[in-house]
Amino acid sequence: YGSHNVHGYVTTKNEGLLSLVSFQHQESAGYRNHSALNKNVLSWTGHFHLTEKQTLKTSFLFGDHFYETPGALTRTEYLNDPKGSRPAGGGFPSAVANQASIRQRSFLAGASYQLQLNASFHIKTIAYGIFTELRNPAIRNYGQNSEPHTGGRIVLDYQKQFEKTALHLIAGGEWQQAYSTISIYKNKSGQADSLQTQDAINNRQQLAFTQASLDAGNWNLTAGLSWSQLKVGLQRFSPATTGLLSRRFTNQFSPRAVLSKKLGKLLLYTGISKGFSPPATTELSPSGSVLNLDLFPEKGWNTDAGIKAVLSRFYIDLNAFHFATENTIVQRRDAGGGESFINAGSTRQRGVETSIQYNGRARTGGNDPLFLWLSHSWHQFEYVSFRQLAADYSGNAMPGNPDHQLTVGGAVPLGPSFNLQGSYTYTSRTALNDGNTEYGDPSHLVQINIRYQQVFSKKWLLKLMAGIENALDETYSLGYDINGAGGRYYNAAPGRSYFAGIGFTHLTKN
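For the sequence shown, our numbering gives the first residue as 1, with consecutive numbering after it.
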């Protein structure tokens, strides 16, 4: 589908400095009508070894992303023409007519400084700044955002080895500050027209945390505690000022504790934790342009238990969890694709997740080991208590979460230079709305690729690859618009596609 990707990087190293400069360009015509993509990312990271006890790391990144948004389809549209974009209807123009797309430019700069005070104690500080400019012509309007953001973090780390026990203490704090200007215009054929709303959002968050871990023989106990606070100031200036509105979300404390024990090659563990998640600014001032400062933060308790084992060449990881939440925030979409959010009462989320891996040497003389894997997740996420006006969704499945997902795959050496890889993924049906009146179909995805690599002249590493994505040519949705108005849930994923690539790496000592 006209996709190509170019990625290059240069690493340099000398005494006291490791530097990495990277550039990536990605471009695609897209599988669906009106789904082109163009992305450029330039980054530089530096690792400065100042002294034996001092380290400075710096990061800079610039990203320029543009992609067209074809819009969600009804089931009839999806089955008749999965490549199609959203047509005009219901008083709204088509995705093509309004040039629905997202253009985002972001610049990030950050630095971290670590000081080793002695053999047991070190301190790490981090500071960063981000600026994002967003342009989003959509079906119903034209969004234009300016979002500067800055923050900092400090972490104190203490480790002490006693005769038969080891103690590890961590404590720190974090501060974040964001100033956003969100302007919504009428969309006139992909251009910003008359101003509809303009909001200024001041978002400040503080977090303090501490954690202690104690190793005693085959036992480990880890316990932590955190406190967080979010204050949001919001003012609408157009069409009429609302004055300064504010909301403070304070979490008293969030505790966490995990106990584990080693039994030979087995590790058994169990844990309990409390979570707290205040609504994001995009939920308080969503694309539907209706301010919503009445949202409550999500809260919940999670308990889990599991086992990890290394048996010969097998690695096994099994985890069971139960997560009970209150005030779960769920999404709504209106006929024009605009978002809104509400609290959904209480939910129960439980499941079992399993991962099995096998590492073994193939009898081909190759350097790469035979590697096989299987992973499975069973999730049962449901509303315990959720009423909205006359509708009662209590007992229904939470939409967007399939009950089962299974992946099996492997990497098989075919000789000293060739490697064959493949995977199969099954996803069960998925509820698409709170009423559970419509479900997305199960999907079966197969991916196969072959890779070749060889060193030439002791200086160059050549890599070749080729493969097939969605080898069964499945029609499936790559994500759903949950609770989409008018049954607009579906975003068709690409059918069977082929890819090939080549890479060169210059091997040097520095």
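Just so it is clear, CB atoms sit at the ideal spot from N, CA and C, and this is done for glycine as well.
From a predicted model like this one, the values you see are computed outputs, not experimental measurements.
Check                                                                                                                                                                                        : Outcome
Applying the 10 Å Cβ sphere with the 16-neighbour rule, what's the burial state of V330?                                                                                                     : buried
Starting from the C-beta of V455, find all residues in its chain whose C-beta is less than 6 Å away, skip the five residues before and the five after it, and write them out in chain order. : L461
Decide if L263 is buried, meaning its Cβ has at least 16 other Cβ atoms within 10 Å, or exposed.                                                                                             : exposed
Rounding to the nearest angstrom, what Cα-Cα distance links S246 and Q205 in this structure?                                                                                                 : 13 Å
Checking the sheet assignment: what are the DSSP bridge partners for V232?                                                                                                                   : N203 and R247
Would you grab the beta carbon distance between K57 and S112 for me? Rounded to a whole angstrom, and I think it's under 8 Å.                                                                : 5 Å
In three-state DSSP terms, what is E163?                                                                                                                                                     : coil
Opposite E15 in the DSSP bridges: which residues?                                                                                                                                            : Beta-bridge pairing links E15 to no other residue.
Going residue by residue through the segment 293-318, where are the continuous beta strand (DSSP E) segments of at least 3 residues, counting only ones entirely within it?                  : 298-311
Rounded to the nearest angstrom, what separates L167 and N218 at their Cα positions?                                                                                                         : 14 Å
Confirm, please, whether the CB-CB distance from G151 to Q177 is below 9 Å.                                                                                                                  : yes
Beta-carbon separation of H506 and K463 under 9 Å?                                                                                                                                           : no
Can you find the residues in the same chain that come closer than 6 Å, C-beta to C-beta, to T11, ignoring five residues on each side of it along the sequence?                               : L20
In angstroms, rounded to a whole number, what distance separates the CA positions of L372 and T165?                                                                                          : 37 Å
Going by alpha carbons, who is nearest to I450 out of T427, K274, G479 and A500?                                                                                                             : A500
Beta strand (DSSP E) containing T328: first to last residue?                                                                                                                                 : Taken as a continuous stretch (DSSP letters only), T328 belongs to no beta strand (DSSP E), as it is neither H nor E.
Rounded to whole angstroms, what is the Cα-Cα separation between A431 and S457?                                                                                                              : 56 Å
Looking at C-alpha atoms only, which residue of I448, T347, G360 and G351 is the closest neighbour of M525?                                                                                  : A question about residue 525 goes unanswered here, because the residues of the chain that appear run from 1 up to 510.
Could you name the residues of the same chain whose beta carbon sits closer than 7 Å to that of G366, not counting the 5 residues immediately before and after it, in chain order?           : Interpretation of G366 is limited by its pLDDT of 49, a score under 50 that renders its predicted location unreliable; no figure is taken from the coordinates.
According to DSSP, is N218 part of a helix, a strand, or is it coil?                                                                                                                         : coil
Beta-carbon within less than 6 Å of S43's beta-carbon, same chain only, minus the 5 sequence neighbours each way: which residues are those?                                                  : S22 and L61
I'd like to check one pair, V352 with L284: are the Cβ atoms closer than 9 Å?                                                                                                                : no
Note down, in chain order, each residue of its chain lying with its Cβ closer than 6 Å to the Cβ of N136, except the 5 sequence neighbours on either side.                                   : I102 and G143
Entirely within the segment 96-170 and at least 3 residues each: give me those beta strand (DSSP E) ranges in chain order.                                                                   : 101-116, 121-137 and 142-161
Determine, using beta carbons only, whether Y476 and G400 come nearer to each other than 9 Å.                                                                                                : no
Less than 7 Å between C-beta atoms, sequence neighbours within five positions excluded: which residues of the same chain meet that for V310?                                                 : K265
Pick from T250, S28 and E174: whose alpha carbon is nearest that of Q65?                                                                                                                     : Looking at the sequence shown, residue 65 is not Gln but His. If we check each option's Cα against that of H65, S28 comes out closest.
Going by the CB atoms, is the gap between R236 and T197 shorter than 9 Å?                                                                                                                    : yes
One question on the structure: do L230 and A200 come within less than 9 Å of each other, judged by their Cβ atoms?                                                                           : no
Going by the CB atoms, is the gap between R153 and I126 shorter than 9 Å?                                                                                                                    : yes
Since R75 is in the alpha helix (DSSP H), which residue starts that stretch and which ends it?                                                                                               : R75 to N80
DSSP state of L284, grouped into three classes?                                                                                                                                              : helix
What are the residues that DSSP puts in a beta bridge with S377?                                                                                                                             : E353 and Q405
Between Q191 and N343, what straight-line distance do the alpha-carbon atoms span, to the nearest angstrom?                                                                                  : 34 Å
Cβ of N38 within 9 Å of Cβ of Q24?                                                                                                                                                           : no
Buried or exposed for N118, going by 16 or more other Cβ atoms inside 10 Å?                                                                                                                  : exposed
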